[in-house]
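Under the UniProt record's numbering, the residue at position 77 of the sequence shown is numbered 77, and the numbers go up by one with no gaps.
Quick reminder that beta carbons are idealized off the backbone N, C-alpha and C, glycines included.
Given the structure is predicted, the values throughout are model-derived calculations rather than measurements.
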Amino acid sequence: MTSLNYTQSGQGSPVILIHGLFGNLDNLKTLGNALEDHQVIRIDVPNHGLSPHWPNMDYPMLAEAVIGLMDELELESAHLVGHSMGGKIAMATALLYGDRVKSLVAADIAPVAYQPRHQTVFAGLSNLDLSALANRADAQKQLLGAGIDEGTALFLLKNLTKDEQGFAWKMNLAGLKSSYEHLIGWPLADKTYTGPSLCIRGADSDYVTAAHRQAFLSQFPKIQAKSLAGTGHWLHAQKPAIFNRIVAEFIAEND
């Protein structure tokens with residue numbers, strides 16, 4: 001299996017940061033900068049950024065890819081922090097390879113199957129004719145016209161790249177579409193991770209609710225929970241200082 005694209009910085013016990021759907025390794029860069037006493041590894045998840053394109057992916061495969069990178073870097077264990085889909089990848093890795101995970105932070109995601117909620121985004125991206133694009137502003141206009149809000153459109157357009165041949169996506173859109181049912185699903189509800197675990201949720205987000213409490217407790221018996229007031233699903237970007245401090249303190253307690 002081809003190695004994941006990653007960047008690493010700093011010295012100390014390793015922390016692996018894992019972004020969400022349609023993201024890349026820059027999404028959690030400010031958190032990485034805040035973890036200054038650690039070796040921080042930020043990865044591009046397969047089908048994102050500069051990592052390999054896979055026709056299909058699911059959480060056991062993605063967990064195996066994280067462990068493969070740890071083996072490549074000769075890391076016996078690491079703290080894992082993931083946002084959204086990245087949180088599910090972190091949880092899957094902890095559930096399947098618990099002895100390799102020192103602690104786990106899941107940001108605004110629960111260990112459950114979700115209903116589809118990205119149909120508008122997939123439709124907008126799929127209907128964008130890259131060969132006919134004049135410029136990035138044209139792409140943004142088309143995404144807004146497809147019913148995608150401005151913040152999401154700008155986030156998605158971080159995936160748009162241009163060379164002599166014209167515009168292209170860094171992400172593997174076809175692979176993400178074919179894997180989407182696996183990504184919103186959750187095949188590991190019968191597994192348990194007994195290490196230190198933390199869920200940080202956005203108080204205004206519906207991704208983690210009281211209905212998910214039992215799923216967390218049954219799979220992560222040592223789970224702690226915190227809510228960030230005034231934040232939605234993008235809590236790490238909306239209140240970075242407090243989010244980064246909570247993560248840093250949790251990792252320090254469990255180093």
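- Mind reading off the beta-carbon distance from I200 to L176? Whole number of angstroms is fine, and I expect it under 8 Å. Going by Cβ atoms, the distance from I200 to L176 rounds to 25 Å, so no, they are not a contact pair.
- Best match in Q214, L95, G151, A123 for proximity to T174 [C-alpha to C-alpha]: The sequence shown places Ala at residue 174, rather than the Thr named in the question. Ranking the options by Cα distance to A174, first place goes to A123.
- Message: Here's the rule: buried if 16 or more other CB atoms are within 10 angstroms of the residue's CB, otherwise exposed. What is T194?
- Response: exposed
- Mind reading off the beta-carbon distance from S179 to D58? Whole number of angstroms is fine, and I expect it under 8 Å. 7 Å
- Item | Close beta carbons around D37, own chain, < 7 Å, minus the five adjacent residues each side | G12
- Query: Is DSSP giving D163 helix, strand or coil here?
  - Reply: strand
- Query: Can you tell me whether DSSP reads T209 as helix, strand or coil?
  - Reply: coil
- Item | Of the residues L130, L31, G86, the one placed nearest I18, counting alpha carbons only | G86
- Task: Identify which residue in R42, N24, F22 has its Cα closest to the Cα of G10.
- Result: R42
- Message: Let's see if you can read the secondary structure: which residues bound the beta strand (DSSP E) around G82?
- Response: 78 to 83
- Message: Using a Cβ distance threshold of 8 Å, determine whether the segment 123 to 133 contacts the segment 163 to 171, with at least three qualifying pairs required.
- Response: yes
- Message: Could you compute how far the alpha carbon of L80 sits from the alpha carbon of L28?
- Response: 12 Å
- Verify whether the separation of the beta carbon atoms of Y207 and A110 is less than 8 Å. yes
- Query: Is the Cβ-Cβ distance between Y6 and L35 less than 8 Å?
  - Reply: no
- Message: Could you check whether the segment 44 to 52 touches the segment 93 to 102, counting it as contact only if at least three pairs of C-beta atoms, one from each stretch, sit closer than 8 Å?
- Response: no
- Message: Using a Cβ-Cβ cutoff of less than 8 Å, which residues in the same chain neighbour V121 once the five nearest sequence positions on both sides are dropped?
- Response: F22, I148, T152, L156
- Counting along the chain, where does the beta strand (DSSP E) carrying Y6 start and finish? 6 to 9
- Could you give the C-beta distance for K222 and S197, rounded to a whole number, given that I count them as a contact under 8 Å? 6 Å
- Query: If we count the other Cβ atoms within 10 Å of its Cβ and call it buried at 16 or more, is T192 buried or exposed?
  - Reply: exposed
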